[in-house]
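Below is one structure, written out as structure tokens, with a few remarks after it.
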Amino acid sequence: MLRFTLKRLALVPFLLWGIVTIAFFLSHSISSNPLASIVGERNLNNPQIVAAAKAKWGLDESLGMQYLLYLKNLLQGDMGTSFRTRQPVLSDLTTRLPATFELALAALLIGVLLGIVLGMLAARFKGKALDSVIRVLALTGSSLPIFWVGLLFLFLFYATLGIAPGPGRLSARVEPPDFITGFYTVDSLLAGNGPLFYDAFIHLLMPAFVMSLPLLGTVIRMVRAQILQEESADYVRTARAKGLTTTQVLNRHVLRNAITPVVTIIGISIGMLIMGAVLIETIFSWNGIGTYAVESARSLDFPAITGVCLVGGAIFLLANLLTDLAYAVIDPRVRLR
Amino acid sequence: MFGKLVARRPRRALALASTLLLGASLTACSPPTSDEGGGGGSDEIILGRSMDTTTLDLSRNFCDSCQIYNGAVYETLLTATAADAELEPLLAESWEANEDNTEFTFHLRDDVTFADGSPLEAKDVKWSWERLKNIKGNASFMMDGVSGIDTPDEHTVVVHSEYPNSAFFNIASASYMGIINSDVAIENGATADENAESSDEAEQWFMANSAGSGQYVLDSYQEGSSLVLTQNENYWGEEPNFSKVTIKDVADSSSQLQQLQQGDIDVAMQLSFDALDQIEADDNIASEVVPTYNFVYVALSPGAPGAPEALGDPEVRDAIRKAIDYDTVIDAVVAGHADKQSTAIPNGFDGSADLPLPEYDVAAAKKQLADAGYADGFDIDVTFPTFTIYGVNFSTMFQSIQQSLSEVGITLNLNPIEYSAWSEQLGSAGIPMTSVYYAPDHPDTVQYAQYFSRAEGATWGDRAGLPADPKQTDLMADSLAQTGDERLATLTELGQAMYDDAIILPIANPQVILANGTNVEGNNYHITHNIDLEQLTFTD
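As they're listed, the protein sequences go chains Y and C.
The C-terminal residue of the first sequence carries number 337 in the working numbering, and the numbering is unbroken.
The C-terminal residue of the second sequence carries number 877 in the working numbering, and the numbering is unbroken.
In structure tokens form, the structure reads like this:
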């Protein structure tokens with residue numbers, strides 16, 4: 001497995017270089033003007049200001065030279081400065097990634113754990129009312145657009161009933177914890193601030209639940225189907241014959257086999273959740289990488305666009321590698337070479 | 338053994354998950370109060386608005402939200418009143434111009450300190466304004482014509498202009514003309530040298546720090562989230578009304594309203610008129626609708642590629658103006674809460690009073706088109722950015738205008754595009770028909786002449802592709818050399834010339850909803866700051 005891991009890791013720089021190159025040239029090929037976000041509409045025809053802005057942001061160089069300079073700086077750990085936020089892209093990403101990670105991991109946790117529980121229950125009570133309810137939930141979670149569900153939840157639970165916190169990571173008058181991990185729930189716990197943890201946690205709950213819905217639906221259906229399939233296997237009959245209870249058979253034997261495909265889903269979902277957080281982050285005013293990507297794209301913020309693509313690519317590559325490794329750990333039949 | 342571990346992990350995880358979810362579902366029923374969360378006290382006010390901030394560097398920024406920040410943190414020598422935009426002293430206690438309006442002298446107060454406790458001196462004014470000029474940023478045009486700044490003593494500043502500029506005192510009240518603590522800024526990489534555009538390295542420092550003499554200092558700024566200001570402990574004047582001011586980035590009107598209703602924000606700054614009935618019916622919200630100086634306009638550019646030949650005829654452009662059903666358009670975009678405006682000089686500014694307002698007159702428009710040889714009408718490609726500003730959605734507005742103009746045979750081919758793509762076209766070849774918005778930078782009419790007229794060097798005159806008009810060039814120069822009634826008459830004449838050109842057709846001068854919790858009073862619209870924080874207070 002070590003050899004496999006090293007081989008895959010050795011490929012990562014080349015893949016990332018490819019991603020950077022494609023992102024760089026694609027974003028520069030659009031017939032739009034990044035100067036609009038720098039100098040504003042009023043100064044677009046002011047040659048002195050346009051020239052100064054081009055020089056300051058390196059836009060007066062040829063495209064090839066801009067690319068080479070970007071690569072050179074990137075190799076030194078400099079991802080450039082955002083046209084829009086006027087901050088180093090690395091700093092922007094460092095600030096925003098933890099917010100998205102926290103949201104995505106919470107969604108992953110809800111989607112996988114709740115999905116497994118509900119999938120098991122659906123299989124256990126196959127054909128009963130509970131099974132039907134869970135299957136409807138799974139179908140609903142998979143088919144409803146999450147932006148609509150998010151808006152609906154906010155309108156219902158926040159604006160109308162007033163029983164849920166509003167958008168954002170914390171209540172309006174609450175100060176964020178000192179930056180340690182960037183996860184407000186974790187940092188508040190590390191600071192020993194219970195009320196702050198509570199506030200961060202309840203703010204996380206609704207967006208994470210909404211974000212988890214597609215994953216939840218998929219996991220429920222997958223676990224249910226796998227369990228039902230495994231239940232007819234010979235080893236299950238043997239286990240029953242040995243006198244194990246239904247619960248023991250399910251937990252010790254069936255679940256282990258049934259859960260293997262879920263690992264694949266988790267691997268794919270990590271990347272999808274993080275890079276697909278755009279809608280949820282927008283609706284819930286969650287200042288993460290998703291909103292950063294959208295705003296950067298809208299203002300043709302080249303350094304930020306390329307930076308997001310680079311980080312997104314790295315996350316996908318890492319998630320895929322971890323999935324392959326997890327497969328080998330969970331299922332001894334899988335041998336990585 | 339491994340098998341047992343694997344078998345047990347899910348059970349523990351499931352138990353943990355169940356506990357978390359159960360706990361969460363219970364706790365979610367009762368959000369904490371501010372104090373439970375460890376937040377600030379009751380003298381913290383939270384404003385909700387969609388932030389358009391890019392940089393917090395005073396010499397580089399240029400946006401509506403920037404004006405609020407600039408006004409709160411930095412101070413200008415003169416300031417405009419919120420009520421009638423009259424000039425009042427702020428850092429300068431008196432000011433005078435020479436006879437031909439080429440030399441402007443400011444006498445500074447001697448009791449002003451910056452936030453670090455150091456005194457404000459004439460050198461800070463000179464340095465701040467020279468940096469604004471040399472950094473060649475978005476607001477550098479404020480210093481156009483300034484040839485030198487002298488500081489004969491610590492409390493006197495003399496500004497020399499290459500040409501008469503009677504607008505300079507008004508310009509000096511613009512939020513972008515604020516005064517920076519030069520010593521602190523220089524320590525952190527700022528420079529006012531002639532090559533400041535390339536040698537100044539302080540922009541990132543200004544994103545996390547401030548160096549002004551205003552009531553507040555920058556506490557933190559997180560792009561896309563919030564801008565937090567705290568009280569300037571060394572403020573030289575009256576103590577500010579709040580220990581902390583947070584401007585929360587709330588993207589749209591409905592979110593702002595929801596958060597105002599739930600008490601998560603105290604003031605909502607960009608509410609849509611669609612929700613006015615709901616706002617007025619809510620006992621927990623106090624609201625008022627007031628006029629502004631902002632306007633949204635249609636710009637016609639006969640010289641742009643693809644423009645129909647007809648646009649080159651001022652009679653045709655005037656016919657287009659007459660063929661727009663303004664009341665219907667204003668109803669469609671801001672539920673009737675806007676005024677009509679004659680030309681690109683907002684209602685209330687010098688020179689606007691005696692100009693004719695546009696009137697919807699289909700018959701007259703048809704006749705003018707027929708007389709010009711376009712009885713069958715023509716097509717125009719309309720390219721505009723897809724956004725909503727001051728409550729006006731450009732797509733809705735153009736759909737309504739499209740319907741109006743179809744009555745006289747003019748077909749608008751609408752092409753809504755992203756702002757950056759639109760900018761590319763506007764900044765290069767130009768666009769035959771588009772729409773933009775404008776908010777005043779300072780209380781002087783000359784900004785409109787410099788931007789919208791056909792005077793030499795005016796932006797929209799160039800974009801329209803029409804030759805500069807010597808008469809308008811002279812009128813603008815005259816207005817800058819004059820004061821009082823003489824100047825007012827010149828500006829009115831210039832306004833009439835701009836009206837006759839019909840390059841800029843203002844569609845709406847939208848009002849704004851001032852909405853806040855009932856425990857807030859003093860909400861206002863300010864000409865150069867958008868909102869004057871000094872007037873805001875809590876009632877309890």
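Where is the CB? At the ideal position from N, CA and C, for every residue including glycine.
Closer than 8 Å to chain Y by CB, THR392/C:
In the second sequence, residue 392/C corresponds to position 55, counting from 1. So yes, THR392/C belongs to the interface.
Going by Cα to Cα distance, which pick from PHE579/C, ASP822/C, ALA818/C and THR796/C is closest to ALA434/C?
Taking the first residue of the second sequence as position 1, residue 434/C is located at position 97. Among PHE579/C, ASP822/C, ALA818/C and THR796/C, the Cα nearest to that of ALA434/C belongs to ALA818/C.
Please state the DSSP three-state secondary structure of PRO769/C.
Residue numbering aside, residue 769/C sits at position 432 when the second sequence is read from its first letter. Residue state, collapsed to three classes: coil.
So if DSSP puts TRP432/C in a beta bridge, which residue, or which two residues, is it bridged to?
For the purposes of this step, residue 432/C is identified with residue 95 of the second sequence, where counting begins at 1. Paired residue(s): PHE443/C.
Check whether chain Y comes within 8 Å of GLU575/C, counting only Cβ atoms and requiring the distance to be less than that.
For the purposes of this step, residue 575/C is taken as the residue at position 238 of the second sequence. Judged by the 8 Å Cβ criterion, GLU575/C is not in contact with chain Y.
With ALA138/Y and GLY267/Y assumed to form a contact (beta carbons below 8 Å), what rounded beta-carbon distance in angstroms separates them?
Here residue 138/Y is taken as the residue at index 138 of the first sequence, counted from 1. Here residue 267/Y is taken as the residue at index 267 of the first sequence, counted from 1. The pair is not a contact, with the Cβ atoms about 20 Å apart (cut-off 8 Å).
Within the same chain, show all residues whose beta-carbon is closer than 8 Å to that of VAL587/C, passing over the 5 residues directly before and after it, in chain order.
By one-based count along the second sequence, residue 587/C stands at place 250. Closer than 8 Å at Cβ, skipping near neighbours: GLY385, ARG386, SER387, GLN593, GLN596, ILE602 and ALA605.
With C-beta atoms as the reference, is SER510/C less than 8 Å away from THR413/C?
Stepping through the second sequence from its first residue, residue 510/C is reached at position 173. Stepping through the second sequence from its first residue, residue 413/C is reached at position 76. Yes, these two residues count as a Cβ contact at 8 Å.
GLN568/C in three-state terms, based on DSSP
Start at 1 with the first residue of the second sequence, and residue 568/C comes out as number 231. The answer is strand: DSSP assigns GLN568/C an E or B state.
Closer than 7 Å by beta-carbon distance: list the chain C residues that pair up with THR291/Y, in chain order.
Residue 291/Y sits at position 291 when you count from the first residue of the first sequence. Neighbours of THR291/Y on chain C, chain order: GLY561.
Quick one: does VAL849/C have its CB under 8 Å from some CB of chain Y?
On the second sequence, position 512 is the one that residue 849/C refers to. So, not an interface residue.
Bridge partners for HIS497/C per DSSP, in chain order?
Working through the second sequence from its first residue, we reach residue 497/C at position 160. Partner(s): GLU440/C and GLY485/C.
Could you check whether the stretch 42-52 of chain Y touches the stretch 258-265 of chain Y, counting it as contact only if at least three pairs of C-beta atoms, one from each stretch, sit closer than 8 Å?
no
CB ASN475/C to CB ASN33/Y, shorter than 8 Å?
For this step, residue 475/C is matched to residue 138 along the second sequence. For this step, residue 33/Y is matched to residue 33 along the first sequence. For ASN475/C and ASN33/Y, no; Cβs fall outside 8 Å.
Interface residues of chain Y facing SER592/C [CB-CB closer than 8 Å]:
To locate residue 592/C, count along the second sequence from 1; it is residue 255. In chain order: PRO167 and SER285.
For GLY342/Y, return the contacting residues in chain C, with the cut-off set at a CB-CB distance below 7 Å.
This structure cannot speak to residue 342/Y, because chain Y is shown only from 1 to 337.
Between VAL254/Y and the rest of its own chain, which residues show a CB-CB distance below 7 Å, the 5 nearest in sequence each way excluded?
Translated into positions along the first sequence, residue 254/Y becomes position 254. Answer for VAL254/Y: ILE227, GLU230, GLU231 and VAL236, listed in chain order.
Any heavy atom of the ligand NAP closer than 7 Å to the beta-carbon of GLN593/C?
This structure simply doesn't include the ligand NAP, nor any ligand for that matter.
When Cβ atoms are compared, which residues of the stretch 851-862 of chain C fall closer than 8 Å to chain Y?
none
Chain-ordered residues of the stretch 540-568 of chain C with a beta carbon less than 7 Å from chain Y:
GLU540, GLN541, MET544, GLN559, GLU560, GLY561 and SER562
CA-CA distance, SER367/C and PRO195/Y?
Here residue 367/C is taken as the residue at index 30 of the second sequence, counted from 1. Here residue 195/Y is taken as the residue at index 195 of the first sequence, counted from 1. Residue confidence is low: SER367/C scores 41 on pLDDT, short of 50, so the model does not pin down where it sits. Its coordinate-derived value is still stated next. If I take the Cα positions, the gap works out to 13 Å.
For VAL278/Y and ILE289/Y, I'd like the C-alpha separation in whole angstroms.
Reading the first sequence from its first residue, position 278 is the one you call residue 278/Y. Reading the first sequence from its first residue, position 289 is the one you call residue 289/Y. The alpha-carbon atoms of VAL278/Y and ILE289/Y are separated by roughly 8 Å.
Return no unless some Cβ of chain Y is closer than 8 Å to the Cβ of ASP799/C.
Looking up residue 799/C in the second sequence gives position 462. Yes, ASP799/C lies at the interface with chain Y (some Cβ there is under 8 Å from its Cβ).
Compare the C-alpha of GLU467/C against each of LEU457/C, ASP453/C and GLY485/C and name the closest.
Walking along the second sequence from the start, residue 467/C turns up at place 130. That would be GLY485/C, whose Cα lies nearest to the Cα of GLU467/C.
Hey, ILE768/C and THR720/C: beta-carbon distance below 8 Å or not?
Against the second sequence, residue 768/C aligns to sequence position 431. Against the second sequence, residue 720/C aligns to sequence position 383. In this structure, THR720/C lies closer than 8 Å to ILE768/C by Cβ.
With 8 Å as the threshold, decide whether the Cβ of THR306/C is near any Cβ in chain Y.
Only positions 338 to 877 of chain C appear in the structure, and residue 306/C is not among them; the question remains open.
Is the CB of GLN48/Y under 8 Å away from at least one CB in chain C?
The sequence position of residue 48/Y within the first sequence is 48, counting from 1. Yes, contact with chain C.
Taking a cut of 9 Å between CB atoms, which residues from the stretch 50-83 of chain Y lie near chain C?
VAL50, ALA51, ALA52, ALA53, ALA55, LYS56, THR81, SER82 and PHE83
Run the CB neighbour count on GLN607/C, radius 10 Å, all protein chains shown included, and call it buried at 16 or more, exposed below.
If you number the second sequence from 1, residue 607/C lands on position 270. Buried, by the Cβ-count rule.
Checking the sheet assignment: what are the DSSP bridge partners for VAL849/C?
Walking along the second sequence from the start, residue 849/C turns up at place 512. VAL627/C, per the DSSP bridge assignment.
Excluding the 5 residues flanking ARG824/C on each side, which residues of the same chain have their C-beta closer than 6 Å to its C-beta?
Residue mapping note: residue 824/C aligns to position 487 of the second sequence, counting from 1. Correct list, in chain order: SER816.
Does the beta carbon of TYR158/Y come closer than 8 Å to any beta carbon on chain C?
Residue mapping note: residue 158/Y aligns to position 158 of the first sequence, counting from 1. Cβ-Cβ to chain C under 8 Å: yes for TYR158/Y.
Assuming the contact rule is C-beta atoms closer than 8 Å, ASP799/C and PRO651/C should be a hit. Round their C-beta distance to whole Å, please.
Here residue 799/C is taken as the residue at index 462 of the second sequence, counted from 1. Here residue 651/C is taken as the residue at index 314 of the second sequence, counted from 1. Not a contact, Cβ separation roughly 17 Å.
Considering only C-alpha positions, which residue in the set ASN856/C, ILE844/C, THR390/C and THR488/C is nearest to PHE632/C?
On the second sequence, residue 632/C is found 295 positions in, with the first residue counted as 1. Cα-wise, what sits closest to PHE632/C is ILE844/C.
Please compile the residues from chain C whose C-beta is within a distance smaller than 7 Å of the C-beta of ALA36/Y.
In the first sequence, the residue the question calls residue 36/Y occupies position 36. What ALA36/Y touches in chain C: TYR756, SER757 and SER760.
State the Cα-Cα distance for the pair THR94/Y and VAL554/C, rounded to the nearest angstrom.
Along the first sequence, read from residue 1 onward, the residue named residue 94/Y stands at position 94. Along the second sequence, read from residue 1 onward, the residue named residue 554/C stands at position 217. Looking at the two C-alpha atoms, the distance is approximately 25 Å.
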